[in-house]
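Residue numbers (my numbering): 72 to 398. All remarks here apply to the structure that follows.
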């Protein structure tokens, strides 16, 4: 096959596969691809004017259309384990594996029924602090807080949030601040933020947005779902010293093993770009007995060996918009 966007888009009658148009222009299909999804939302809920993480949410109908189109194009839809096996052994057929990052409740309520109906395997990479509710899904908290208010009070300044540009600027500013915090400062920061901005549903929304362990056990018991590791607090691992990096990875691994009676085989780096992964985390992951680890380097799968096992690329499906997908 030639360029995956050109090849697939010419064959499509729907827009769903055009989200893969974000591939680099010279990328050519070799063996297959691993797709990365995040939140799955009900149809019609991607439209609020202030939605800074819109690119990480897709509708349930879009997911279903994507599955139908991939099958129509004769892609094998395989588990992550099967994808790795095909990489090791070679594959005569193109294949796709689905993964979902972070651990959103809608992965169970909306995505799981679709995958089950079509008998498509998938992997959920879980941030254990979100599931344990020891850490809120903080970007959901920020989005709700900023959407509700005309200003957001921080300890050292007040950010105006009355207009859409102000809301977007405030989100970017606080987002970067949170990413720079040490893990042991996260909860204190959010307590201070909520105390300074009372009367908000932000914390409740952030906690309710996360999966429960019971949901993960239900999905895993079907054999369709694999549960992978995505750290404790979703830190950019490149910013952490080795000790802190080990805590994020090993504590999350062990929590999953306790809750699901099986240690996770796969790890996904939070944020997933080269600047987010760094050089320390892959070595920690390798020493923690994971079979493979996954980044978000927007590449197709071109082989697998010990040198690449902890930097396996995935492609984020991040648009339902035809014009944006073609960009």
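Note that beta-carbon positions come from the ideal geometry of N, C-alpha and C, so glycine has one too.
Item	Value
Status (buried if at least 16 other CB within 10 Å, exposed otherwise) for residue 383	buried
Sequence-distant residues of its chain with Cβ nearer than 8 Å to residue 114 (five each side left out)	130, 131 and 132
Per DSSP, the bridge partner or partners of residue 147	166
Which of helix, strand or coil DSSP assigns to residue 314	helix
Where residue 107 falls, given that 16 or more other Cβ within 10 Å makes a residue buried	buried
Touch test, the segment 286–301 against the segment 252–259, Cβ-Cβ under 8 Å, three pairs minimum	no
Extent of the continuous alpha helix (DSSP H) run through residue 128	Per DSSP, residue 128 belongs to no alpha helix (DSSP H); it is in the beta strand (DSSP E), 128–130.
Three-way DSSP call (helix, strand, coil) for residue 243 in this model	helix
Proximity winner among 356, 218, 350 and 105, relative to residue 194 (alpha-carbon distances)	105
Three or more C-beta pairs below 8 Å linking the segment 299–313 and the segment 168–184	yes
At least three beta-carbon pairs within less than 8 Å, the segment 196–205 to the segment 321–337	yes
Selected residue, minimal CA-CA separation from residue 360, among 139, 134, 321 and 294	321
Reduced DSSP secondary structure (H/G/I, E/B, other) of residue 299	strand
Spatial neighbours of residue 35 in its chain, beta-carbon cut-off 7 Å, leaving aside the 5 residues before and after	The question about residue 35 has no answer here: the residues shown for the chain are numbered 72 through 398.
Delimiting residues of the alpha helix (DSSP H) encompassing residue 185	183–189
Whether residue 309 touches residue 270 by CB criterion (7 Å)	no
Chain-order list of residues whose beta-carbon lies under 7 Å from that of residue 189 (same chain, five-residue window excluded)	138
Where residue 222 falls, given that 16 or more other Cβ within 10 Å makes a residue buried	exposed
Pair within 7 Å by beta-carbon distance, residue 372 and residue 158	yes
Secondary structure of residue 381, DSSP reduced to three states	coil
Host beta strand (DSSP E) of residue 411 (start-end)	In the structure as shown, the chain starts at 72 and stops at 398, and residue 411 therefore has no counterpart that could be examined.
With 16 other Cβ atoms within 10 Å as the buried cut-off, status of residue 289	exposed
Where residue 319 falls, given that 16 or more other Cβ within 10 Å makes a residue buried	buried
Beta bridge counterpart(s) of residue 255 as assigned by DSSP	Answer is none; residue 255 lacks a bridge partner.
Check whether residue 316 and residue 351 have beta carbons under 7 Å apart	yes
Collapsed DSSP secondary structure at residue 172 in the structure displayed	strand
8 Å Cβ shell around residue 182 - same chain, five flanking residues per side excluded	108, 111, 131, 134, 171 and 193
Those runs of the alpha helix (DSSP H) which lie wholly inside the segment 326–365 and span at least 4 residues	345–348 and 351–358
Bridge partners - residue 108, DSSP secondary structure assignment	171
Under 7 Å between C-beta atoms of residue 179 and residue 331	no
Residue 388 in three-state terms, based on DSSP	coil
Identity of the residues DSSP links to residue 197 by a beta bridge	173 and 300
Other residues of its chain near residue 287: CB distance less than 6 Å, five sequence neighbours each side excluded	298
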